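In this note's numbering, the protein residues as written are 1 to 246. All C-beta atoms in this analysis are idealised placements derived from N, C-alpha and C, irrespective of residue type, glycine included. Since this is a predicted model, take the numbers as computed values, not measurements.
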Amino acid sequence: MTYLFCNWKMYLTNNEAMALASELATMQIPKTLTAAVFPNTMDFIGVRDALAETSFAVGSQNVAWVPQGAYTGATSAHLFHEAGAAYALVGHSERRHVFGETDEDARKKVEACMDVGIVPVLCIGETKEDLDAGKREYRLKKQLRAALEGLDIPVNSLMIAYEPVWAISAGGASDSCDPDVAQEVHMWLKQELRAYSPAPFSVLYGGSVTPENVVSFTACPAIDGVLVGSASTHTNQMRALLTACA
Ligand code: PGA
1 MTYLFCNWKM
11 YLTNNEAMAL
21 ASELATMQIP
31 KTLTAAVFPN
41 TMDFIGVRDA
51 LAETSFAVGS
61 QNVAWVPQGA
71 YTGATSAHLF
81 HEAGAAYALV
91 GHSERRHVFG
101 ETDEDARKKV
111 EACMDVGIVP
121 VLCIGETKED
131 LDAGKREYRL
141 KKQLRAALEG
151 LDIPVNSLMI
161 AYEPVWAISA
171 GGASDSCDPD
181 VAQEVHMWLK
191 QELRAYSPAP
201 FSVLYGGSVT
211 PENVVSFTAC
221 PAIDGVLVGS
231 ASTHTNQMRA
241 LLTACA
């Protein structure tokens, strides 16, 4: 099974998100593909309803770990679960680097998701500074340990997305990771993940994935799928991504 997860970030207006969702509802998802879209919180319910009759799952881009209460501006894993989220991104690099979320926050969010039955997609990745300092493995190990150590992880209850921060597009053109390097990192990650659960984890690659390069990642044996940002917000590119992943 290959995963195509689509992180719409805050790229779209409500009208644009709804238009894209209605287009997606007409597209064929290859049988070998698990596809999910992650709209922003405001669009979540509308997109969920537009995709209700399709095989697209819907996920949240972030969750708060407390279930309910006096937490201005927050939307919890509990509330997203009630609204039908199957997945949630946790610790996305923009949450970490723009909004100051810590490894400890990611841990609480992973636990909150697992408690309610949402599959957290724990996003990890090194910055350019880490990479230049030869600290890729150090950063990934640290992020994994903080989020997962001591956690009971039943099979298929948690996924990992390896997203090198320097490869994320921020909407413009950016260099994706070399697929051979991504394959090596994924192999290494899968070895590391054995310390946390004997059951295999699905590990996605994210960072400047496009219809043109998607197969170079999905063809790698250690890469279980992709987390796509910018390209997933355009109808024609979504159609091309689905075709390429077939
Ligand atoms: P990108 O974003 O595909 O636009 O690089 C990926 C992500 O941040 O999940």
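Check whether the Cβ of residue i sits closer than 7 Å to any heavy atom of the ligand PGA, and report yes or no.
i	result
VAL119	no
GLU163	yes
ALA182	no
LEU241	no
GLY91	no
ILE223	no
GLY59	no
ILE160	no
ASN7	yes
PHE169	The sequence given here places Ser at residue 169; Phe does not occur at that position. Under cutoff, so the answer is yes.
ALA21	no
SER208	yes
ALA88	no
LEU227	yes
ALA36	no
SER76	no
ALA133	no
Report yes if the C-beta distance between residue i and residue j is below 8 Å; otherwise report no.
i	j	result
ASP103	LYS142	yes
ALA25	VAL58	no
ASN7	GLY229	yes
ALA35	VAL63	no
THR233	LEU4	no
ALA182	ILE223	yes
LEU158	VAL119	yes
GLY206	GLU163	yes
ALA70	ALA112	no
GLY46	SER93	no
THR75	THR54	no
MET27	ARG194	no
LEU20	THR235	yes
Using the Cα positions of residue i and residue j, report the straight-line distance between them to the nearest angstrom.
i	j	result
ALA83	ARG48	9 Å
ALA50	SER22	6 Å
SER208	THR218	14 Å
ALA147	ASP43	28 Å
ALA17	PRO39	8 Å
ASP178	ALA52	36 Å
PHE99	MET187	30 Å
PRO30	ASP180	25 Å
THR184	VAL37	Looking at the sequence provided, one finds Glu at residue 184 rather than Thr. GLU184 and VAL37: Cα-Cα distance of roughly 27 Å.
PRO198	VAL66	29 Å
TYR138	HIS97	17 Å
Compute every distance between the C-beta of residue i and the non-hydrogen atoms of the ligand PLP, then say whether any falls below 7 Å.
i	result
GLU126	Ligands present in the displayed structure are limited to the ligand PGA, and the ligand PLP is not among them.
Tell me which same chain residues have a C-beta within less than 6 Å of the C-beta of residue i, skipping the five on either side of it?
i	result
ILE160	LEU122, PHE201, VAL203
THR127	VAL165
VAL90	ALA106, LYS109, VAL110, PRO120, LEU122
GLN61	PHE38, LEU89
LEU140	ILE124
Output needed for residue i: all residues of its chain with C-beta closer than 7 Å, excluding positions within five of it in sequence on either side, in chain order.
i	result
LEU33	THR2, LEU4, CYS245
HIS81	VAL116, GLY117, ILE118
VAL214	VAL226, LEU241, ALA244, CYS245
ALA231	VAL209, THR210, PRO211, GLN237, LEU241
ARG95	ASN62, GLU101
Less than 8 Å between C-beta atoms, sequence neighbours within five positions excluded: which residues of the same chain meet that for residue i?
i	result
PRO221	GLN183
LYS190	PRO200, PHE201, VAL203, ALA222
> Just checking, does the region 151 to 159 make contact with the region 130 to 137 on the three C-beta pairs under 8 Å criterion?
Replying inline: Too few Cβ pairs lie closer than 8 Å, so no.
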